[in-house]
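Working notes for the structure below.
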Amino acid sequence: MPVISPLFTLRCSVITLAALTYPVAHAAQTPRSIEAEQITKYQFEIPSQALGDALQAFARASRQQLSFDSAVVSGRTSTALLGEFTAEEAIRRLLEGSGLEFRRGSQGVWLIAPERREESAEGRNSARIQLEEIVVTGTNIRGATEVAAPSITVTREDLDKTGYSSIEGLLDDLPQNFAAISFDGAQALESASRVAQRNGVDRASGIDLRGLGAESTLTLVNGTRRAGSIDGRVVDVSVIPLSAIERVEIVTGGRSAIYGSDAVAGVVNLVTRRSFEGAETQVVYGSPTGFGGGEKLQLSQIAGTSGARGSIVAAYDYQRDEPLDLVDTGLVMSPNALGTFTRRLDLIPDMTRHSGFLSGRIAATDRIELYGDVLYANKEFESITRTFRTGSPADTTDATSGTSKQLGGSLGMKADLPGQWQLNLSGTTSFAKNDFTEAFDYHTPTLSLVSVQNWFREAKMTSLSSVASGPLGTFGAVTPQMAIGVERRDESFYFTADGDLIRDSERRVNSAFAEVLVPLVSDGGVGLRRLELSVAGRYDDYEDVGSTFNPQLGVIWGVSDQVTVRGAYSTAFRAPSLFEQTGFAYGLLTMRPDPAVPGGLSPMLELTGTNSQLGPEEAETWSLGLDYQPSFAPSFKASLSYFEIEYEDRLDSPAFSFTERETALINESRFPGLVIRNPSAAQVTQFLNSITDLGLSIDPNVTTPFDPNSQDLLTVFPNLVLFDDRADNIATETLRGLDLSIDGSRVTGIGTLSFGLNATYTLEHERNVTPTSPTFSLINQVGKPMDFRLRASFGWTRAAYGAYAQINYLDGYENAMSAAHPKMDSWTTVDLTLRFDGSRVANTGWLNGFSAALSISNLLDTDPPEFYGSYYGLRYDSTNANPLGRNASLRLVKRW
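For reference, each letter of the sequence shown is one residue, going 1029 to 1924 in the working numbering.
Here you go:
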């Protein structure tokens, strides 16, 4: 298959950008005050189209802030808007005949909602519900429209246009996310992190911004924490019904001053619908086109109603996945390096998922609003791995089956206080349970055994918070805004194996936080058009690991109406998970490559697990960004951001994957003090006494007979090497890079053309295991993030029809596992979505409210880069490539 080079992609980008930014007409300057906005006019060229798209085009052209529920505008068509208008005139024309109205919020945000028929007390309550001002992710300041750190927002309209059928699909394609916590990430046995490998049972989909580990990204639902899967460490986003999602907000960089632990690489907030009028049915069917298996059927139903005093939304999602045997893809080598023939390896398990969501709010009085939501998910799965070793009497079968259940909900109250202040009281509780059975029928030429193990894991989280926000008063022309709050959180983790208790841990966290936003200049001249300063701080007290205070500083400097500079600094931290904090150790006796001895192999006793005395990780994060939105092309915007994260006391295993453990003696200098040669009997005894839980395992590659119950380890293996690979607060990790995003559209005679670009380039990602160990890189290797990822999108819409194409590029990288094939090729894939909107054809009948989308991922069926050197026989890098080839799906939606 032909491969599109990055140079070709960039050339196409330049040509497209030139077309999009060609001046169609001169637009007026961005308004500098509400009074000025009443007379300032803007140039618009917005054709009649879907109302949500038209409102976004309006926002880009006039740089106005809008707030609206995509369900409210769905199925509605805008009038055309061509010429010069004030912002108010433009919105009024776009909404003509739509049954919607608008007004200006206290922070200058245009609020769109259904028309009010009367101005009674109930009507005022209804308006309060429908026109609620949003709080953006990354700040507690009510009415703030942006944060100084780099951010990405994916709206409901974006999801509908691009054909995604799941949240994990959207996030997997995000260049800033490393998709190791996914349905097939656990197959990267050699190179994936230990969290990813433990995902082989949960089959969760998690978010890992910047490749710093999924535990370093905080995932929220409606701004609140939820209990996680994979030993309580990762929120499984795959169980959230896509039909319930209003938008996805992503803020990269440390946010611990706002949210506390885990928000080191950034925050992802999944905002659900709080209001929906009518009902919507959705059917999605998809399948790989090159081989059998892997079919997916998804049925979704959402319904809601809004009254004079409130609204309620309910959503249900059913998903059925047929198993897909990775052997059928041709991407498994047999026999592998261990001499094993792989007969079957389920990449996608046989899985059924049910998810339900309920959300609502009500105006109890004209000053008090009550709100709440509940999410429940039940996932049942079964996967099979079957292998054969020459001379064995039968195949070895490893069958895993289980259920994963999640339940979470929140209740809250917002009360308007005097002086334009608001008090938000909320409580959240959730649990994530995983109950599974592993049936292992093991056969080698000399040994056969059958074992069945039952495992149960449950993570719980409960929190109470109180946040008050509002203006501090007016000082001259400056009105600072403030938010202040307290929070209490209780966490627990429970783990049993065959009924035996492995973990039973809990802790409490008490927190206090404050944030101030100061608009120092809002109506200045060129060079200082706008200047906004934000300061925040948070104190967290953990009963098991102590306390920490984290400050945050942000600056937004509007150089002119076209150029804005953003800067942010913060400290951040991650507390050890309860799974890590309890302290445990597994022992493994194995043979490892060793260039320091004759024969090249040494017996090694490895300790894996965690040390019992762990402290929090600490980090400093910086970002500096530049936004450009030219007046001659108001629908065009470009942003360039530099980011830097410096970790100290990084919590991880010294050798965090199979490959690192396999090559520990080859790279012995990385682990000073952790690799012990010629150990004394006391040191060996200390290692053996540290082993807990499952005891000492002996790797099949150890051919020397050894009985740990009757023989002395050092006597049988006099050249034994010890390796302490338990997780601890290792030394330092540094990450630096650049993000580039471009978004533009232009109205032409053939329709509206759009272009988007999202790229990230990692300049450096390095680690030191100990203060005296050498620095090594954590990018551009199998199982690790790449230095350069890009996703470019092209769109065309005209009347009821639309076409959207995406180009995904992954840079080439090193393969340290094969001297004969030391390089992995770059990988370019093309995705295509064709969309039809029946509401643009007819306002009545079955076409009204009907839409269809045909999506094809990897349109050219481009094979993933071939991987050589895998011990287990995988011929692709499962953390950086998808083995499914061309995959087609059809989505049908009917709005009732």
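Each residue gets a CB set at the ideal place from its N, CA and C atoms; glycine is no exception.
Tell me, to the nearest whole angstrom, how far the beta carbon of residue i is from that of residue j; I am working on the premise that it is less than 8 angstroms.
{"i": "isoleucine 1195", "j": "serine 1266", "result": "7 angstroms"}
{"i": "leucine 1403", "j": "glycine 1440", "result": "The pair is not a contact, with the Cβ atoms about 15 angstroms apart (cut-off 8 angstroms)."}
{"i": "arginine 1395", "j": "alanine 1443", "result": "6 angstroms"}
{"i": "aspartate 1905", "j": "glycine 1318", "result": "Their Cβ separation, rounded to whole angstroms, is 19 angstroms, which puts aspartate 1905 and glycine 1318 out of contact at 8 angstroms."}
{"i": "valine 1100", "j": "alanine 1141", "result": "7 angstroms"}
{"i": "alanine 1692", "j": "arginine 1620", "result": "6 angstroms"}
{"i": "arginine 1566", "j": "valine 1587", "result": "So it is not a contact: roughly 31 angstroms between Cβ atoms."}
{"i": "methionine 1632", "j": "threonine 1610", "result": "Not really, about 25 angstroms apart at Cβ, beyond 8 angstroms."}
{"i": "arginine 1774", "j": "serine 1883", "result": "Not a contact, Cβ separation roughly 24 angstroms."}
{"i": "glutamate 1274", "j": "valine 1921", "result": "Glutamate 1274 to valine 1921, Cβ: 16 angstroms. No contact."}
{"i": "alanine 1331", "j": "arginine 1301", "result": "About 11 angstroms; that fails the 8 angstroms criterion."}
For residue i, does the three-state DSSP call read helix, strand or coil?
{"i": "alanine 1916", "result": "strand"}
{"i": "glutamine 1609", "result": "helix"}
{"i": "aspartate 1081", "result": "helix"}
{"i": "lysine 1189", "result": "helix"}
{"i": "serine 1718", "result": "helix"}
{"i": "tyrosine 1614", "result": "strand"}
{"i": "tyrosine 1900", "result": "coil"}
{"i": "arginine 1253", "result": "strand"}
{"i": "serine 1846", "result": "coil"}
{"i": "threonine 1107", "result": "coil"}
{"i": "glutamate 1648", "result": "strand"}
{"i": "asparagine 1227", "result": "helix"}
{"i": "aspartate 1839", "result": "coil"}
{"i": "alanine 1141", "result": "strand"}
{"i": "serine 1821", "result": "strand"}
{"i": "leucine 1996", "result": "What the structure shows of the chain is the stretch from 1029 to 1924, and residue 1996 is not part of that stretch, so it cannot be assessed."}
{"i": "valine 1858", "result": "strand"}
{"i": "glycine 1166", "result": "coil"}
{"i": "aspartate 1200", "result": "helix"}
{"i": "leucine 1354", "result": "helix"}
{"i": "asparagine 1452", "result": "strand"}
{"i": "isoleucine 1807", "result": "coil"}
{"i": "arginine 1754", "result": "coil"}
{"i": "glutamate 1894", "result": "coil"}
{"i": "leucine 1642", "result": "coil"}
Are the CB atoms of residue j and residue i within a distance shorter than 7 angstroms?
{"i": "arginine 1371", "j": "aspartate 1423", "result": "yes"}
{"i": "arginine 1698", "j": "valine 1797", "result": "yes"}
{"i": "alanine 1613", "j": "aspartate 1680", "result": "no"}
{"i": "threonine 1861", "j": "glycine 1234", "result": "no"}
{"i": "threonine 1762", "j": "threonine 1825", "result": "no"}
{"i": "alanine 1104", "j": "serine 1126", "result": "Correcting the residue type first, residue 1104 is arginine in the shown sequence and not alanine. Yes; because the gap between Cβ atoms is below 7 angstroms, this pair is in contact."}
{"i": "threonine 1428", "j": "leucine 1373", "result": "no"}
{"i": "tryptophan 1585", "j": "valine 1591", "result": "no"}
{"i": "aspartate 1771", "j": "proline 1178", "result": "no"}
{"i": "alanine 1089", "j": "phenylalanine 1072", "result": "yes"}
{"i": "alanine 1176", "j": "glycine 1582", "result": "yes"}
{"i": "proline 1700", "j": "threonine 1790", "result": "no"}
{"i": "glycine 1260", "j": "alanine 1487", "result": "yes"}
{"i": "leucine 1246", "j": "asparagine 1205", "result": "no"}
{"i": "serine 1244", "j": "phenylalanine 1601", "result": "no"}
{"i": "alanine 1232", "j": "isoleucine 1258", "result": "yes"}
{"i": "aspartate 1839", "j": "serine 1821", "result": "no"}
Just grab the DSSP bridge partners of residue i for me.
{"i": "lysine 1922", "result": "Thr1309, Phe1878"}
{"i": "proline 1631", "result": "Met1619"}
{"i": "asparagine 1886", "result": "Asparagine 1886 is not bridged to any residue."}
{"i": "lysine 1461", "result": "Lys1433, Glu1486"}
{"i": "asparagine 1796", "result": "Thr1760"}
{"i": "phenylalanine 1468", "result": "Asp1426, Ser1479"}
{"i": "lysine 1812", "result": "According to DSSP, which records beta bridges pairwise, lysine 1812 is partnered with nothing at all."}
{"i": "serine 1788", "result": "A small correction: the amino acid at residue 1788 is threonine; serine does not occupy that position in the sequence shown. Bridge partners of threonine 1788: Asp1767, Arg1817."}
{"i": "alanine 1331", "result": "Ala1307, Ala1342"}
{"i": "threonine 1599", "result": "Glu1648"}
{"i": "valine 1593", "result": "Trp1585, Leu1654"}
In chain order, each alpha helix (DSSP H) run of at least 4 residues that lies wholly inside the region 1492 to 1538: none
Uninterrupted beta strand (DSSP E) stretches inside the region 1362 to 1445 (no shorter than 3 residues): 1368 to 1376, 1378 to 1391, 1396 to 1417, 1424 to 1445
Segments of 4+ residues assigned as alpha helix (DSSP H) that fall wholly inside the region 1237 to 1296: 1284 to 1287
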